[in-house]
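A.B. asks:
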Amino acid sequence: DGGITQSPKYLFRKEGQNVTLSCEQNLNHDAMYWYRQDPGQGLRLIYYSQIVNDFQKGDIAEGYSVSREKKESFPLTVTSAQKNPTAFYLCASSQGPGGHQPQHFGDGTRLSIL
Amino acid sequence: QKEVEQDPGPLSVPEGAIVSLNCTYSNSAFQYFMWYRQYSRKGPELLMYTYSSGNKEDGRFTAQVDKSSKYISLFIRDSQPSDSATYLCAYQGGSEKLVFGKGTKLTVNP
């Protein structure tokens, strides 16, 4: 089955630690995205990538980093500079950029502070 | 003025009821309109996608877009307990950025 796989489902971060969230898709989509979801708030865009080896900052990129070395993979690193990392992180992909290609989501990673 | 306004609910209805979920937006550049359904501890699932004013029907679901009033609605007919979820409206202009409402939590009681 084609889809987006996020791992792990749950992740705990210690003070001063960097953690990496995995996102893999087998939909052959060019564009990939990372969102953060907090209770009572809409999804907020962290980073997106339209093509391999290229990515752009979203609305809340501070304290996060990404890479896009392969078309299928778009890992997100939550760095120690992100002071409030507790949230539900969602990865999405679309066939191409722009609204005529709707985004599809994985099942998320819930990150908490130890 | 916020880009997207969505009543957070919660909304509780009996099984079989017709449900109406609504969003308003302020940005005239929005061209594409989506409804996502999100179950607890899961990612959003694309439910409806449209880019024109009018109605789009898919089974028990109807999406309605009124670009002149900057208003979109999702209607669920014959609602089922399995429809209990949070429903997110989303809009997109020509760029990559998807703008989401905060979601309406729906409970359908058997």
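Residue numbers (the numbering used here), protein chains in the order written: chain A, 5 to 118; chain B, 676 to 785. Ideal Cβ positions, reconstructed from N, Cα and C, are used throughout, including at glycine.
1) In whole angstroms, what is the alpha-carbon distance linking B/S743 and B/C764?
2) Along chain D, which residues have their Cβ under 7 Å away from the Cβ of A/Q107?
3) Can you name the residues of chain A whose CB is closer than 7 Å to the CB of B/L721?
4) Could one say the Cβ of B/Y724 lies closer than 7 Å to chain A's Cβ atoms, at least one of them?
5) Within 10 Å of its beta-carbon, does B/I693 have 16 or more other beta-carbons around it, so buried, or fewer, so exposed?
6) Is the region 76-93 of chain A touching the region 24-34 of chain A, taking contact as three or more C-beta pairs under 8 Å?
7) Strictly by DSSP, which residues pair up with A/V28?
8) By the three-class DSSP mapping on this structure, what secondary structure does B/D741 have?
9) Measure from the alpha carbon of B/E678 to the alpha carbon of each residue in B/S695, B/P685, B/Y700, B/L686, then state which is nearest.
10) Would you list the one or two residues that DSSP bridges to A/H108?
11) Looking at the unbroken beta strand (DSSP E) that takes in B/K731, where does it start and where does it end?
12) Anyone know if the C-beta pair for A/I50 and A/Y68 falls short of 7 Å?
C.D. replies: Looking at the coordinates:
1) 18 Å
2) Structure shown: chain D not included; protein chains present are A and B.
3) Correct list: P106, H108.
4) yes
5) exposed
6) yes
7) The residue you asked about is not Val; residue 28 of chain A is Glu in the sequence shown. Looking at the DSSP assignment, A/E28 forms a beta bridge with A/T9, A/S77.
8) Of the three classes helix, strand and coil, the one that applies to B/D741 here is strand, per DSSP.
9) B/Y700
10) A/S97
11) Per DSSP, the unbroken beta strand (DSSP E) holding B/K731 starts and ends at 729-733.
12) yes
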